[in-house]
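Residue numbers (the working numbering), protein chains in the order written: chain R, 1 to 359; chain V, 360 to 718.
Written out below as structure tokens is the structure these notes cover.
There are 2 protein chains.
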Amino acid sequence: MTLFAGPSSVNIAAVREVHCNQFRRVRPVGVATINDVAAKAGVSTATASRALNGKSTVDPALAARVLSAAAELGYQPNGPARNLRRQETAVLALIISDVENPFFTSIARGVEDVAQAVGYSVVLCNSDENPEKERRYIDVAIQERVAGVVLSPTGTAPNVDLLTARRTPLVAVDRPLPAAADMVLVDTRSAAKQATTHLISQGYDRIGCITGPAGIQTADDRLAGYKDALRASKRRTSARFARRAEFRADGAFEAAIDLLSQPDRPDALLVANSAMAVGVLEALSKLDLRLGADVGVVAFDDAPWASLVDPPLSVVSQPAYDIGKVAAQLLMARIADSSLPYTTTTLNATLITRGSSTR
Amino acid sequence: MTLFAGPSSVNIAAVREVHCNQFRRVRPVGVATINDVAAKAGVSTATASRALNGKSTVDPALAARVLSAAAELGYQPNGPARNLRRQETAVLALIISDVENPFFTSIARGVEDVAQAVGYSVVLCNSDENPEKERRYIDVAIQERVAGVVLSPTGTAPNVDLLTARRTPLVAVDRPLPAAADMVLVDTRSAAKQATTHLISQGYDRIGCITGPAGIQTADDRLAGYKDALRASKRRTSARFARRAEFRADGAFEAAIDLLSQPDRPDALLVANSAMAVGVLEALSKLDLRLGADVGVVAFDDAPWASLVDPPLSVVSQPAYDIGKVAAQLLMARIADSSLPYTTTTLNATLITRGSSTR
DNA sequence: GTGAAAGCGCTAACAA
DNA sequence: TTGTTAGCGCTTTCAC
């Protein structure tokens with residue numbers, strides 16, 4: 001494993017200091033098993049197990065002995081053994097498409113809070129918008145026999161079928177799934193329509209849209225809502241004013257430059273998430289266009305910095321934390337009772353108008 | 360489990376649609392074990408196991424039969440069983456103090472990329488700057504017998520001792536540990552000094568500092584570096600100009616309002632992270648103070664939006680991704696060889712000067 | 001109320 | 001090269 005001889009591959013200045021330390025323990029402290037606990041307490045492993053799991057059928061005096069023996073030995077149950085025997089795990093997998101996107105980390109917090117409250121752990125996996133990575137994590141989830149999965153689907157049907165074929169409880173968030181699963185979505189299409197209508201009402205005339213890759217439902221929905229609004233106000237929708245890019249700043253930057261360099265450039269933009277908004281604002285600055293006055297902007301996701309730019313950014317705020325919360329609740333319900341009918345929950349996004357959508 | 364009857368506790372408009380779906384499978388598809396695979400392939404479980412694990416000692420023809428049997432049955436190894444038997448897990452736990460802080464999610468990516476490359480999975484846990492939660496997750500990590508732990512320590516020594524007592528490979532990131540563990544840190548003190556010196560050189564005279572809670576090493580270091588710089592330039596350091604708050608926007612907002620409302624207010628501020636910077640900029644705006652001209656600001660962490668504010672925000676950029684990468688490499692090295700001496704790696708932060716630190 | 005014993009699914013001796 | 005078998009640590013019948 002010379003690969004790990006050291007982090008020499010990091011090419012930034014680093015100081016490595018080796019400290020022959022005085023803390024080194026002498027022995028690996030042979031990890032205590034339930035048998036050790038039982039022996040020390042002078043009971044059978046069965047009784048030890050019952051006491052440790054708080055079963056009421058065990059004599060209080062014995063239970064106390066077991067508990068103190070366990071404490072003295074620093075006993076920690078062996079998870080794999082317990083899970084193997086019980087054929088179940090108190091672990092949820094949360095597979096999201098981008099750990100660095102605040103929208104998804106908020107979802108994570110929602111999931112975690114609910115899970116924690118009932119003694120479940122959450123393991124967070126980052127599929128990175130990459131179907132293969134998603135598939136690997138789904139495999140891991142299956143192999144570890146997690147109790148359930150919350151997924152923001154990146155890949156195509158086959159990945160998800162792995163889960164449904166095994167009847168692993170599954171909740172899809174953010175993006176719908178053509179499968180047997182609960183879903184928690186946002187009515188992003190009508191929010192996009194509302195945001196676009198707002199721009200129109202503010203006097204913007206040639207409104208453009210920068211959205212995510214084709215095939216990602218949320219990206220498509222935002223574009224559709226945008227078109228809905230244009231149509232409703234009897235405007236032509238023109239492909240000239242719509243652009244797609246990865247859900248990232250750099251792609252949105254290119255798209256915005258491209259869009260705004262046209263002779264008959266848009267005078268307003270609907271932007272599909274906050275990372276993209278960063279790229280768009282950079283583009284405006286590069287082209288010396290004033291936010292609001294020259295180009296109105298509404299972006300999805302209420303980033304903490306949105307009100308810091310000048311003028312403050314109008315946004316479509318999505319209830320990310322609640323998405324996670326609801327998803328976890330649905331998942332727990334299904335784990336408890338797999339016969340529940342599948343549901344789709346649609347939460348509302350909220351338009352928050354600030355200065356960037358006014359001339 | 361009526362708690363989970365539904366997500367009715369979410370008090371925002373939600374549409375719940377129940378779809379009696381056409382996808383429902385008929386049977387739970389009794390999960391295939393290695394015995395089923397062996398039977399189907401007409402070999403013993405031992406041979407099946409060997410084939411599945413790619414051992415070279417098995418007849419190619421048999422191996423092929425096993426593999427196709429496994430594929431047909433949709434066989435997925437039972438992780439708990441395997442881990443129990445092998446007494447090891449290819450899983451790393453990463454316990455960070457705030458999932459919503461980009462600094463830590465960047466670390467997560469670094470850890471993940473290294474782990475993935477060698478077939479390890481990473482489970483991400485959010486201790487939320489809460490020693491009790493940290494302790495719970497450390498317990499989980501121990502119980503699941505993870506191969507190693509990367510930790511940004513929140514709690515005090517006892518938590519970590521749980522790990523070291525069991526000799527669980529451990530790498531601390533961001534904050535030092537008085538224990539037997541590798542550490543990956545940032546020379547945040549000298550970076551803070553450098554940033555403060557920069558402010559002085561730009562003609563700011565009464566420089567303040569808003570840092571994190573006492574006892575968190577990174578918070579203390581930033582304050583210390585700030586004082587170093589003042590002392591080096593023969594200025595008095597005054598407690599009047601230093602404030603502490605949680606590493607969050609709201610706390611920093613209060614602190615900044617407090618600081619800047621003084622008659623002899625600071626004319627520049629060193630801010631300890633990007634979330635706090637949001638609070639500080641909000642305070643400036645509320646008090647009608649101009650960034651740069653009235654109050655120079657340098658903040659830790661190069662957030663994507665830093666160059667969008669006007670004037671652009673000067674920052675101390677920390678090599679978060681590399682911290683994660685190095686930490687994971689060290690952890691893998693130690694997993695492979697527990698006798699390695701403990702090391703402390705210190706990476707450099709970089710001052711990026713932009714408009715906010717110029718008059 | 002307690003203990004003896006079986007067995008979850010897998011891997012690794014040990015035999016053949 | 002392959003099969004037989006023991007056993008990882010735990011929970012849970014089933015007797016007592």
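Every residue, glycine too, gets a C-beta built ideally from N, C-alpha and C.
DSSP state of residue i mapped onto helix, strand, coil
i, result
"R16 (chain R)", "strand"
"G355 (chain R)", "helix"
"N83 (chain R)", "helix"
"V425 (chain V)", "helix"
"A636 (chain V)", "helix"
"I569 (chain V)", "strand"
"G584 (chain V)", "helix"
"S676 (chain V)", "strand"
"V519 (chain V)", "helix"
"D220 (chain R)", "helix"
"L331 (chain R)", "helix"
"D681 (chain V)", "helix"
"A398 (chain V)", "helix"
"V26 (chain R)", "Note on V26 (chain R): pLDDT 30, under 50, position unreliable in the model; the coordinate value appears next. Looking at V26 (chain R) - three-state DSSP - the assignment turns out to be coil, as it is neither helix nor strand."
"A336 (chain R)", "helix"
"L432 (chain V)", "helix"
"A179 (chain R)", "coil"
"L648 (chain V)", "coil"
Range of the contiguous alpha helix (DSSP H) that encloses residue i
i, result
"Y496 (chain V)", "P490 to Q502"
"I616 (chain V)", "A608 to L619"
"T596 (chain V)", "Taken as a continuous stretch (DSSP letters only), T596 (chain V) belongs to no alpha helix (DSSP H), as it is neither H nor E."
"T404 (chain V)", "T404 to L411"
"T556 (chain V)", "T547 to S560"
Span separating the alpha-carbon of residue i from that of residue j
i, j, result
"V505 (chain V)", "A195 (chain R)", "47 Å"
"A39 (chain R)", "P439 (chain V)", "26 Å"
"T343 (chain R)", "L170 (chain R)", "11 Å"
"T717 (chain V)", "L650 (chain V)", "9 Å"
"R590 (chain V)", "T211 (chain R)", "51 Å"
"I107 (chain R)", "A452 (chain V)", "20 Å"
"A642 (chain V)", "P663 (chain V)", "20 Å"
"G389 (chain V)", "A400 (chain V)", "18 Å"
"V675 (chain V)", "V630 (chain V)", "10 Å"
"L544 (chain V)", "L426 (chain V)", "46 Å"
"E100 (chain R)", "Y75 (chain R)", "37 Å"
"G215 (chain R)", "R244 (chain R)", "11 Å"
"N380 (chain V)", "G110 (chain R)", "Because the pLDDT of N380 (chain V) is 45, which lies under 50, any placement of that residue in the model is unreliable, and the number read from its coordinates should be weighed accordingly. If you take the alpha carbons of N380 (chain V) and G110 (chain R), they lie about 27 Å apart."
"L162 (chain R)", "V280 (chain R)", "39 Å"
"G683 (chain V)", "V477 (chain V)", "15 Å"
"R444 (chain V)", "R248 (chain R)", "44 Å"
"N370 (chain V)", "T350 (chain R)", "In this predicted model, N370 (chain V) has a pLDDT of only 37, less than 50, meaning its place in the structure is not dependable enough to derive any value."
"T164 (chain R)", "A172 (chain R)", "12 Å"
"A627 (chain V)", "S673 (chain V)", "12 Å"
For residue i, the first and last residue of its enclosing beta strand (DSSP E)
i, result
"N126 (chain R)", "S121 to N126"
"V390 (chain V)", "Taken as a continuous stretch (DSSP letters only), V390 (chain V) belongs to no beta strand (DSSP E), as it is neither H nor E."
"G110 (chain R)", "Element bounds for G110 (chain R): not the beta strand (DSSP E) but the alpha helix (DSSP H), P102 to A117."
"L628 (chain V)", "A627 to V630"
"L170 (chain R)", "L170 to V173"
"A93 (chain R)", "V91 to I96"
"A601 (chain V)", "A601 to R603"
Buried versus exposed, by CB contacts within 10 Å (16 or more), residue i
i, result
"S720 (chain V)", "In this structure chain V extends from 360 to 718, so residue 720 (chain V) is not present and cannot be described."
"P625 (chain V)", "buried"
"S715 (chain V)", "buried"
"E17 (chain R)", "exposed"
"T57 (chain R)", "exposed"
"N632 (chain V)", "buried"
"P461 (chain V)", "buried"
"E134 (chain R)", "buried"
"T156 (chain R)", "exposed"
"V656 (chain V)", "buried"
"R334 (chain R)", "buried"
"N83 (chain R)", "buried"
Any 3 or more C-beta pairs closer than 8 Å across the region 168–182 of chain R and the region 136–154 of chain R: yes
Under 8 Å, with one C-beta from each stretch per pair, do the region 96–110 of chain R and the region 43–55 of chain R reach the 3-pair mark? no
When the Cβ atoms of the region 604–614 of chain V are set against those of the region 580–594 of chain V, are three or more pairs found closer than 8 Å? no
Do the region 178–192 of chain R and the region 120–139 of chain R meet, that is, are 3 or more Cβ pairs less than 8 Å apart? no
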